[in-house]
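Colleague: This is the structure I have questions about; it appears just below.
Numbering (my numbering), first residue to last: 678 to 953.
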């Protein structure tokens, strides 16, 4: 093809191709600056996009794990609070039992002490019934089998469990409590209350261990999420300083391409001058 032709302007064609290529590059850079990402779709880099999507899916899965662990912690912490209240009530009941031993069953003072004892015993069941969160109660009696099963991983193949502990007055841990401090009461009943108190304190310890496990794993999951988010950022985030410099360079190249097109478009008129 003759270079000096009025039918085909090769210079203009080359200039236009260069101009279009520069504009395409500018569109890419503009998208990166606007979104802050160098990988915005599978078209940018299919392999990296797929890896990043898989990591994002894992992050969302860890969100569900976090929610499960937080819910479990709330259930256990409320149970611990109620169990601590029960332990305090039992300490008061033991004090009353010791005091009751000084009075015969017919003494009005013994009756008053017994009424106080029965009121505290009733408060134990009130505390148990109040230890409910999100439909779960780890301390309830009546054959309840509620327990915490918090997710430990995104595949739901592992859980952190905190078992049910019946702290109602009819449950096995408090079954030795004296029914009252009147006729059937004996000095050995004081030791029965002490045994019940020890059982409750052991239950609190077990609940505390469960809460600590949930808390520790929650921190670990948080670190996992941070690491994954950083990894995704490394894969898809744009270097804005670099993209800004590239944008400025492309603007210069775009202007030069425009000048080149202007020069190429004038070429046919220069050829006509040969015939004047």
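Ideal placement from N, C-alpha and C gives every residue a C-beta, glycine not left out.
1) Taking contact to mean at least 3 C-beta pairs separated by less than 8 Å, is the region 808 to 815 in contact with the region 904 to 912?
2) What residue range does the beta strand (DSSP E) around residue 838 cover?
3) Span of the alpha helix (DSSP H) holding residue 767?
4) Answer with buried or exposed for residue 731, where buried requires no fewer than 16 other C-beta atoms within 10 angstroms of its C-beta.
5) Classify residue 817: buried if its beta carbon has 16 or more other beta carbons within 10 angstroms, exposed otherwise.
6) Might you give, ordered along the chain, the residues of its own chain that have their beta carbon closer than 6 Å to the beta carbon of residue 872, omitting 5 neighbours on each side?
7) Could you name the residues of the same chain whose beta carbon sits closer than 8 Å to that of residue 866, not counting the 5 residues immediately before and after it, in chain order?
8) Return the residue from the list 895, 821 and 830 that minimises the CA-CA distance to residue 845.
9) According to DSSP, simplified to helix, strand and coil, what is residue 810?
10) For residue 697, does the count of other Cβ atoms within 10 angstroms reach 16, so buried, or fall short, so exposed?
11) Specify, as a first and last residue, the run of the alpha helix (DSSP H) that residue 890 falls within.
12) Can you give me the C-alpha to C-alpha distance between residue 695 and residue 721, rounded to a whole angstrom?
13) Would you say residue 760 reaches chain B, if we count a Cβ-Cβ gap shorter than 8 Å as a contact?
14) When you compare the CB positions of residue 901 and residue 746, do they come within less than 8 Å of one another, or not?
Modeller: On the basis of the coordinates in this document:
1) no
2) 836 to 839
3) 723 to 777
4) exposed
5) buried
6) 853
7) 774, 855 and 858
8) 821
9) strand
10) exposed
11) 865 to 913
12) 21 Å
13) The displayed structure is made up of one protein chain only, and chain B is not part of it.
14) no
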